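Below is one structure; the comments refer to it alone.
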Amino acid sequence: MSVFRKVMASAAIAATMFATPVMAEEKVRIALVVKALGIGFFEAAAKGAEEAAAELGNVEIIYTGPTDTTAEGQIEVINALIAQNVDAIAISANDTDALVPALKKAMSRGITVISWDSGVAAEGRQMHLNPSSNPLIGNMIIKLAADHMPDGGDVAVLSASATATNQNIWIEEMNKVTGNYSGINVVATVYGDDLADKSYREAQGLMASYPNLKAIIAPTTVGIVAAAQAVTDAGKIGEINVTGLALPSEMAGHIESGASKSFAIWNPIDLGYAATMIAYNLASGTATAEAGKSIPMGRMGEVALDDKYEGAMADPFVYDASNIDAFKSIF
Amino acid sequence: MSDTTMTARFVPNRLNSRASRILRSWESLLLVVAVGIFVLNSFASPYFLNAWNLSDATYNFTEKGMIAFAMALLIISGEIDLSVASIIALASTAMGLAVQYGAGTPELVVIGLTVGLLCGAFNAIFVTVLGLPSIVVTIGTMSLFRGISYIILGDGAYGGYPDSFAWFGQGYIYWVFTAEIGIFAVIAVIYGVVLHKTNFGRAVYAIGNNSTGALFSGIRVQRVKFILFLLTGLMSGVAAICLTSRLGSTRPSIATGMELNVVTMVVLGGINILGGSGSIPGVVIAAFVMGLVTFGLGLLNVPGIVMSIFIGLLLIGVIALPRLWTMLAAKRRSA
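Residue numbers (this note's numbering), protein chains in the order written: chain Z, 30 to 360; chain P, 1118 to 1452.
Structure (structure tokens):
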């Protein structure tokens, strides 16, 4: 019997972990669901969401997501949010299609559902907020590489996982416009699965396989840091320029060392802010998600929805040695 | 433990009587933990005690549980299969491919189960015919099976499953009872009977305790192990059908990392990871414990990483406590 008592004692200790303050019921509860917790980009978006909540006053932000970037993990999170009867879910999806049944169930129970950053198929959400437009991003990442390659040459892409929705779209858009940059030759696309060690090894592999490589384009915040480190460790600063999409705080050192001359990103704080504003406006009924209509996003202006119920927030922004110091402490 | 099997030919789970006493209380200990977690959850969140919410929560463990039963038998026999999540990926990919050629729900079920069986047979041949260690073989096939899915699908996805196919992962049998919990229950009963009431089940225990001894007792050891790998493959096929139906789409990353959840569930259920002992009721309760913990913490918006820590502590705690207790008791007696 004492064994049971001991188990109950440890369970009681666990109970203190369960105990959280009861929330005020009249607040609008908006869940910001991300691909996985512990990623700098999403932490910054959560900051933006809190900023919007502070501005709106009666909003509570639930910042949540699974441990690893799987659809099954996000479905568990969504089920828990449906059970809590939150007012809105704003999600950056790990899988375009697999989340649709769970999110449809959320909508059928009266929960406002929008996707942001990485989208959900149209039937699984009311609208999707793109941080920028995909063609502009695709063009930007190849332009960043081409700007520092006046004589042209070989470039390679280091992406996230082979199933990552947004990376694949950007690479596709990039390939459409690569012809506009004369002499630029995309020789390979490899996948680091957004894991630091795997991305590092893939970057090493690229340098070994393509001795004439002039640039590595990594449209992922994990991949670009790993690639810049791999270039630094190989002593190839100045020979190979690492560029793509990244967080200023994570890349400041590599901009300083010259491993990366420039990179681009939208502002994730703005993105979290805008997603929260849209979710609030839809949940409170002050705006509706309809093709051709606009939804207000507070200080970010308005987002116009196209016929697929998608809208773009802003253009990507280029960071280099001239402005990195000002941004590295922000996100 | 029916009297008939005991008189016919009694092979004890373990020869050490004290260990078997602890084991007999394992399920009751686990049950207390489960009830405790249920009560704590009810107090911690106002949303917990709701039939529909609890029904949604069962999805956290049903698919993993289906595989856990077959895995339990395999681990009792002293083997392991780490390729189960990859079998799901391959079976799901095969079903997705079949949909593109117009397969209906019955065909999809047959394909899912067949691919599961074939993968299980593939593992079984390497372990039982070539005599390789199962942990090595299945770490290999873990990459192999999922690798094939990546080759077939790349960064694409298969969708367009027929509406009737959605029943397995999204349908209800009666009121809040989902199709998946129904399948889970049926499988639990079948495995419970097979392990605890048949000669086959006794053979599994015997092999896990002493496979050489079992061989000389006339048990066809390799044949039993072959069947166990087939069953694990088959259950992975069943889980693939349910998970694919629930997601409504297939990507090669489906069920990534699920094999460790399954093994955790089995070990939490009191199956000796070294083989030879454990029971199906223990695994059933462990499935509920894991489901209740993840759902309860989810309701409180506890981050996933904290959830993993909690599951890890629960596993270590539940396993270490009885052991600590016997050590303390022995010390007190000698002092």
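Backbone N, C-alpha and C define an ideal beta-carbon position, used for all residues, glycine too. All figures in this text were calculated on a predicted structure; none of them were measured in a lab.
Assuming contact is defined by CB atoms lying nearer than 8 Å, are residue i and residue j in contact in what I supplied?
i: residue 1414 (chain P); j: residue 1427 (chain P); result: yes
i: residue 274 (chain Z); j: residue 250 (chain Z); result: yes
i: residue 186 (chain Z); j: residue 269 (chain Z); result: no
i: residue 1144 (chain P); j: residue 1399 (chain P); result: yes
i: residue 1266 (chain P); j: residue 1231 (chain P); result: no
i: residue 1388 (chain P); j: residue 1192 (chain P); result: yes
i: residue 1205 (chain P); j: residue 1353 (chain P); result: yes
i: residue 231 (chain Z); j: residue 239 (chain Z); result: no
i: residue 1346 (chain P); j: residue 1240 (chain P); result: yes
i: residue 1212 (chain P); j: residue 1361 (chain P); result: yes
i: residue 213 (chain Z); j: residue 207 (chain Z); result: yes
i: residue 353 (chain Z); j: residue 281 (chain Z); result: yes
i: residue 107 (chain Z); j: residue 149 (chain Z); result: no
i: residue 1245 (chain P); j: residue 1199 (chain P); result: no
i: residue 1162 (chain P); j: residue 1293 (chain P); result: no
i: residue 1373 (chain P); j: residue 1202 (chain P); result: yes
i: residue 1234 (chain P); j: residue 1351 (chain P); result: yes
i: residue 295 (chain Z); j: residue 248 (chain Z); result: no
i: residue 1393 (chain P); j: residue 1325 (chain P); result: yes
i: residue 332 (chain Z); j: residue 321 (chain Z); result: no
i: residue 74 (chain Z); j: residue 300 (chain Z); result: yes
i: residue 122 (chain Z); j: residue 161 (chain Z); result: no
i: residue 1432 (chain P); j: residue 1385 (chain P); result: yes
i: residue 1383 (chain P); j: residue 1150 (chain P); result: no
i: residue 1184 (chain P); j: residue 1356 (chain P); result: yes
i: residue 1488 (chain P); j: residue 1381 (chain P); result: This structure does not reach residue 1488 (chain P), given that chain P is present from 1118 up to 1452, and the question cannot be answered.
Along chain Z, which residues have their Cβ under 9 Å away from the Cβ of residue i?
i: residue 1449 (chain P); result: Near residue 1449 (chain P) there are no residues of chain Z at all, since even the closest Cβ is about 12 Å away, more than 9 Å.
i: residue 1369 (chain P); result: 191, 192
i: residue 1356 (chain P); result: None at all; the shortest Cβ gap to chain Z is about 12 Å.
i: residue 1455 (chain P); result: The question about residue 1455 (chain P) has no answer, for chain P in this structure spans 1118 to 1452.
In the DSSP assignment, what are the bridge partners of residue i?
i: residue 349 (chain Z); result: Z:291
i: residue 1351 (chain P); result: None; residue 1351 (chain P) has no bridge partner.
i: residue 331 (chain Z); result: Z:325
i: residue 159 (chain Z); result: Z:341
i: residue 1143 (chain P); result: Looking at the DSSP assignment, residue 1143 (chain P) forms no beta bridge with any residue, so it has no partner.
i: residue 210 (chain Z); result: Answer by DSSP bridge pairing: none, since residue 210 (chain Z) is not bridged.
i: residue 144 (chain Z); result: Z:120, Z:157
i: residue 1222 (chain P); result: Paired residue(s): none; residue 1222 (chain P) is not in a bridge.
i: residue 1345 (chain P); result: According to DSSP, residue 1345 (chain P) bridges with nothing at all.
i: residue 1289 (chain P); result: P:1295
i: residue 1367 (chain P); result: P:1275
Can you give me the start and stop residues for the beta strand (DSSP E) that residue i sits inside?
i: residue 271 (chain Z); result: 270 to 273
i: residue 220 (chain Z); result: 213 to 220
i: residue 279 (chain Z); result: Here residue 279 (chain Z) belongs to no beta strand (DSSP E); instead the alpha helix (DSSP H) covers 277 to 286.
i: residue 1244 (chain P); result: Element bounds for residue 1244 (chain P): n/a, residue is neither H nor E.
i: residue 244 (chain Z); result: 242 to 247
i: residue 61 (chain Z); result: 57 to 62
In chain P, which residues lie less than 7 Å from residue i when you measure between Cβ atoms?
i: residue 126 (chain Z); result: 1274, 1276, 1365, 1366
i: residue 308 (chain Z); result: Within 7 Å Cβ-Cβ: nothing; residue 308 (chain Z) doesn't reach chain P, min ~16 Å.
i: residue 109 (chain Z); result: 1412, 1415, 1416
i: residue 163 (chain Z); result: Here the premise fails: no neighbours, minimum Cβ distance about 15 Å.
i: residue 113 (chain Z); result: 1164, 1416
i: residue 141 (chain Z); result: Correct list: empty, because the minimum Cβ distance to chain P is about 18 Å.
Hey, could you find the ends of the alpha helix (DSSP H) residue i is sitting in?
i: residue 1313 (chain P); result: 1296 to 1314
i: residue 92 (chain Z); result: First-last for residue 92 (chain Z): 88 to 93, but that is the beta strand (DSSP E), not the alpha helix (DSSP H).
i: residue 229 (chain Z); result: 225 to 238
i: residue 108 (chain Z); result: 100 to 113
i: residue 1450 (chain P); result: 1421 to 1451
i: residue 305 (chain Z); result: 297 to 312
i: residue 251 (chain Z); result: 250 to 262
i: residue 1399 (chain P); result: 1397 to 1416
i: residue 130 (chain Z); result: 129 to 137
i: residue 76 (chain Z); result: 69 to 85
i: residue 1327 (chain P); result: Premise fails: residue 1327 (chain P) is in no alpha helix (DSSP H) and is neither H nor E.
Since residue i meets chain Z, which of its residues come closer than 8 Å, beta carbon to beta carbon?
i: residue 1422 (chain P); result: 66, 67, 96
i: residue 1411 (chain P); result: 105
i: residue 1425 (chain P); result: 96
Who are the neighbours of residue i on chain P, taking C-beta pairs under 8 Å?
i: residue 102 (chain Z); result: 1421
Quick one: list the residues of chain Z neighbouring residue i, beta-carbon separation under 7 Å, in chain order.
i: residue 1316 (chain P); result: None at all; the shortest Cβ gap to chain Z is about 34 Å.
Entirely enclosed beta strand (DSSP E) segments - the region 164 to 193 of chain Z, minimum 3 residues: 182 to 188
Length-filtered (4 minimum) alpha helix (DSSP H) runs lying within the region 1165 to 1203 of chain P: 1168 to 1174, 1179 to 1193
Uninterrupted alpha helix (DSSP H) stretches inside the region 1236 to 1285 of chain P (no shorter than 4 residues): 1251 to 1270
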